[in-house]
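Chains as they are written, first to last, in our numbering: chain D, 2 to 310; chain B, -2 to 155; chain W, -16 to 135. Glycine is no exception: its CB is placed at the ideal position from the N, C-alpha and C atoms. See below for the structure under consideration.
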Amino acid sequence: MEFLKDLFLYPGFLFGFVLGGLLEGFKRKLKARMQLRKGPPVTQPFYDLSKLLLKNITKPYRISSFTYLLIPFVPTAALLVGLLIMPYPFYQEKSSFSFDLILIFYLTELPLLSQIIFGYFSNSPYGMIGAARAGQMFFYYNGVFIMVITTLCLLEGPPYSFCLKSIAEAWDPLDVLIKILTIPFFVFSVLAKLKLNPFSIPDAEAEILKGPLTEASGVALALFKLNYLLELAIFGSLFAFFYLPVLKTSPTIGLILILLGAFFLFFIFALVENATARLRLSQFSALYLKFLIPLATLILVITWVFKNW
Amino acid sequence: MVKLIGWLLTNLFKKPLTIEFKGKSLKAVRGTYRGYPTHRGERCAACRLCIYVCPSDAIRIEGSLFIINKCKCTACKDCADACPFGAMQFIPRLIGTAISKNEYMEITEIKLVKCENCGEPMPKPELLLGRLLGKPPKTIPPYLKLCPKCRRQFFKPT
Amino acid sequence: MFLDAIKQFLRYSQKKSLWVFHVNTGSCNGCDIEILALFSSKYDAERFGIKLVGSPKHADILLVTGPVTTKSRDPLLRAYDMMPKPKAVVSVGVCSLSGGVFAKSYNVLGPVDNFIPVHVYVGGCSAHPNMILEGILRAAQILCEEEELWSF
Ligand code: SF4
Ligand code: SF4
Ligand code: SF4
């Protein structure tokens, strides 16, 4: 009973779904306001999802409908587990063990993997192009993301445990400085992970149709969208855990801080999305190979030197 | 880039440019909008010049009914330029949406007068005279009130 | 009771979230530019949840511009068949209503409603963005009145 409550209500499905939907709606509204438009209502993602439930499925002949629905469903389950691992306030006693950050990192990779598999599986040329592009991008931004995680893990002292809780509780002045230094790398790698504008290469808004999701329709597409919303919730709260003193305060204030941090992250995303245009794949890899990965490594080395001196 | 971000941030506090869309549709457009042709039956002489110039066959005359098919009209204004009597007018209004194509037929009646002798419908004589003299006529000579056929009978050229 | 509320929410969301797929069957690009203007700041269509999607498999509403030419007939029919079931078609511009200036040209087969059922017509050459918006909203009305709810 307790577990079902955890799974479906507070840190699980409902919380992630509502938080992700509100974040997406907030981002779309902000984006519209920055372009002097009125923009959709903040609840728009929920309308989209429930409308997709009503639609029929038109799938390619060669795919069996079981696989068609299974591929998007696996990451949904994975992301729910990811939400359950995170030490949310009111819940933290049950979660947080060593190396949970690594597990979260793998679980948040699953939606993209499922999209790549779906793109190749659906046999549509646009899906294959999108999947190939997504697979190529995969290595670059994950490099930066791993650097960021490792840097943050070095903050907590010698038995490096990659534990989200101990990162969230490291608040010395030096730690704060290093945390602030890693913010841009975190933002860039998450932007690429979520396929937002300067790095919206795999689906390219509407230019190569919808990238890997070209053949998805009806409930399958709704599941993909749900995955996306859960991902948004996870990255929003991850930002709050890393860079705000969430676990240092009382649980209520901690929860409010998580929401504030997530919405602030999406404010930055809206700004970056509006201010930049989509890069080519070569420009993307040049940006990561020439600037972001070396700089992230530099910060990692500096942190190690400072911490072990 | 910095300038652009500054603009974006100030835009957040400005009023949106979007125009209100209340109810079903927005009727008011600016005065410079060209709009769509409207036919005025009382000025038309049924000379069919507009049918001749219309590039997309949008105009039809059936009996005394003047039909503009707005499914075909491309708002090129050729008809208004060609009409000698100024019966085609462009007023700035929008062409609406429709569920069936019949809503796009704009039907007006041409006001024809009857020949005093045989009762055959014929265009108003004062229109033709006004066009001929350049100003509205004061009196209309009696032979103009007959249709061309009757005119030939009564006033035989000698 | 509870089921009714869910049903009503689904209906409402169907009206609030309209994904539009745009097919050009040989138009002069005038109407296509007006459709793009629909998503600009002035006629912001996104406030009604209208979104231009890239794949017909995601779409609720098909916007067709231009007369159907010999080459574009098959793609049009295929895009229409690919759309999942609660769907509506809006034909935009005089060309797609009757052929317009291209009527009786050697490569034009005829207006759009000779090939697929059209629910709402939007006239004008080129159609005014406001009227396209009105047409899409009218089509949404038809969309949720006409079709039975997909049964679970
Ligand atoms: S505006 Fe052009 S297309 Fe329309 S009725 Fe007049 S001549 Fe014909
Ligand atoms: S509208 Fe003008 S051009 Fe056309 S039939 Fe009437 S008078 Fe002649
Ligand atoms: S209706 Fe006019 S503007 Fe639109 S495609 Fe046809 S010719 Fe072009």
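Name the chain D residues whose beta carbon is nearer than 8 Å to that of residue i?
{"i": "residue 0(B)", "result": "Chain D residues near residue 0(B): none, gap ~10 Å exceeds 8 Å."}
{"i": "residue 11(B)", "result": "37"}
{"i": "residue 55(W)", "result": "Within 8 Å Cβ-Cβ: nothing; residue 55(W) doesn't reach chain D, min ~18 Å."}
Are the beta-carbon atoms of residue i and residue j separated by less than 8 Å?
{"i": "residue 204(D)", "j": "residue 131(D)", "result": "yes"}
{"i": "residue 53(W)", "j": "residue 10(W)", "result": "no"}
{"i": "residue 162(D)", "j": "residue 225(D)", "result": "no"}
{"i": "residue 138(D)", "j": "residue 200(D)", "result": "yes"}
{"i": "residue 8(D)", "j": "residue 14(D)", "result": "yes"}
{"i": "residue 48(D)", "j": "residue 0(W)", "result": "yes"}
{"i": "residue 114(W)", "j": "residue 105(B)", "result": "no"}
{"i": "residue 66(D)", "j": "residue 216(D)", "result": "no"}
{"i": "residue 214(D)", "j": "residue 274(D)", "result": "no"}
{"i": "residue 247(D)", "j": "residue 235(D)", "result": "no"}
{"i": "residue 256(D)", "j": "residue 24(D)", "result": "no"}
{"i": "residue 186(D)", "j": "residue 297(D)", "result": "yes"}
{"i": "residue 12(D)", "j": "residue 80(D)", "result": "no"}
{"i": "residue 145(D)", "j": "residue 108(D)", "result": "no"}
{"i": "residue 202(D)", "j": "residue 285(D)", "result": "yes"}
{"i": "residue 72(W)", "j": "residue 101(W)", "result": "yes"}
{"i": "residue 9(B)", "j": "residue 279(D)", "result": "no"}
{"i": "residue 109(B)", "j": "residue 120(B)", "result": "yes"}
{"i": "residue 111(B)", "j": "residue 118(B)", "result": "yes"}
{"i": "residue 46(D)", "j": "residue 228(D)", "result": "no"}
{"i": "residue 142(D)", "j": "residue 190(D)", "result": "yes"}
{"i": "residue 109(W)", "j": "residue 14(W)", "result": "yes"}
{"i": "residue 38(W)", "j": "residue 210(D)", "result": "yes"}
{"i": "residue 61(B)", "j": "residue 107(B)", "result": "yes"}
{"i": "residue 314(D)", "j": "residue 86(D)", "result": "In the structure as shown, chain D starts at 2 and stops at 310, and residue 314(D) therefore has no counterpart that could be examined."}
{"i": "residue 240(D)", "j": "residue 262(D)", "result": "yes"}
{"i": "residue 237(D)", "j": "residue 20(D)", "result": "yes"}
What in chain D is Cβ-close to residue i, meaning under 7 Å?
{"i": "residue 65(W)", "result": "59"}
{"i": "residue 14(B)", "result": "37"}
{"i": "residue 69(W)", "result": "55 and 56"}
List the DSSP bridge partners of residue i.
{"i": "residue 66(B)", "result": "102(B)"}
{"i": "residue 44(W)", "result": "3(W) and 71(W)"}
{"i": "residue 56(B)", "result": "65(B)"}
{"i": "residue 234(D)", "result": "Bridge partners of residue 234(D): none, in fact."}
{"i": "residue 95(B)", "result": "104(W)"}
Which whole-angstrom value describes the C-beta separation of residue i and residue j, a residue pair presumed to lie in contact below a C-beta threshold of 8 Å?
{"i": "residue 34(B)", "j": "residue 87(B)", "result": "6 Å"}
{"i": "residue 67(B)", "j": "residue 103(B)", "result": "6 Å"}
{"i": "residue 121(W)", "j": "residue 103(W)", "result": "5 Å"}
{"i": "residue 41(B)", "j": "residue 63(B)", "result": "6 Å"}
{"i": "residue 252(D)", "j": "residue 90(D)", "result": "4 Å"}
{"i": "residue 80(B)", "j": "residue 125(B)", "result": "In fact, because the Cβ distance is near 14 Å, the residues do not count as touching under 8 Å."}
{"i": "residue 7(B)", "j": "residue 38(D)", "result": "With a Cβ gap of about 15 Å, residue 7(B) and residue 38(D) do not count as contacting."}
{"i": "residue 223(D)", "j": "residue 114(D)", "result": "19 Å between Cβ atoms; not a contact."}
Give the residues of chain W in contact with residue i, contact being defined as C-beta atoms less than 8 Å apart.
{"i": "residue 49(B)", "result": "Those do not exist, as residue 49(B) stays about 16 Å from chain W at its closest Cβ, beyond 8 Å."}
{"i": "residue 104(D)", "result": "Correct list: empty, because the minimum Cβ distance to chain W is about 33 Å."}
{"i": "residue 91(B)", "result": "107, 111, 113 and 114"}
{"i": "residue 101(B)", "result": "80, 104 and 106"}
Since residue i meets chain B, which of its residues come closer than 7 Å, beta carbon to beta carbon?
{"i": "residue 108(W)", "result": "71 and 72"}
{"i": "residue 83(W)", "result": "53, 69 and 71"}
{"i": "residue 272(D)", "result": "2 and 5"}
{"i": "residue 91(W)", "result": "Per Cβ cutoff of 7 Å: no residues; residue 91(W) is ~12 Å from chain B at best."}
{"i": "residue 47(W)", "result": "Those within 7 Å of residue 47(W) in chain B number zero; the least Cβ separation is about 14 Å."}
Cβ closer than 9 Å: which chain B residues qualify as neighbours of residue i?
{"i": "residue 103(W)", "result": "94, 95 and 96"}
For residue i, return the contacting residues in chain B, with the cut-off set at a CB-CB distance below 8 Å.
{"i": "residue 192(D)", "result": "In chain order: nothing, as chain B lies at least about 15 Å away."}
{"i": "residue 62(W)", "result": "The premise fails here: residue 62(W) is roughly 22 Å from chain B at the closest Cβ pair, so nothing lies under 8 Å."}
{"i": "residue 36(W)", "result": "Ordered by position in chain B, no residue passes the 8 Å Cβ test against residue 36(W), which lies about 22 Å from the chain."}
{"i": "residue 86(W)", "result": "53, 54 and 69"}
Give me the chain W residues within the contact set of residue i, using Cβ-Cβ distance strictly less than 7 Å, ordered along the chain.
{"i": "residue 87(B)", "result": "Under the 7 Å cutoff, chain W gives no residues; its nearest Cβ is about 13 Å from residue 87(B)."}
{"i": "residue 51(D)", "result": "-8, -7 and -4"}
{"i": "residue 152(B)", "result": "In chain order: nothing, as chain W lies at least about 45 Å away."}
I want to verify the contact list: residues of chain D whose CB lies under 9 Å from the CB of residue i, in sequence order.
{"i": "residue 66(B)", "result": "Ordered by position in chain D, no residue passes the 9 Å Cβ test against residue 66(B), which lies about 35 Å from the chain."}
Which residues, taken in chain order from the region 18 to 48 of chain D, show a beta carbon closer than 9 Å to some beta carbon of chain B? 31, 33, 34, 35, 36, 37, 38, 39 and 40
Please name the residues in the region 197 to 222 of chain D whose beta-carbon is closer than 9 Å to at least one beta-carbon of chain W, in chain order. 204, 205, 206, 207, 208, 209, 210, 211, 212, 214, 215, 216, 217, 218, 219 and 222
At a Cβ cut of 8 Å, what residues of the region 276 to 303 of chain D count as close to chain B, listed as they run along the chain? 276
Could you please tell me which residues of the region 112 to 132 of chain W, in chain order, have their CB closer than 7 Å to any CB of chain B? 113, 114, 116, 117, 118 and 121
Report the residues of the region 7 to 31 of chain W with a CB closer than 7 Å to any CB of chain D, ordered along the chain. 24, 27, 29 and 30
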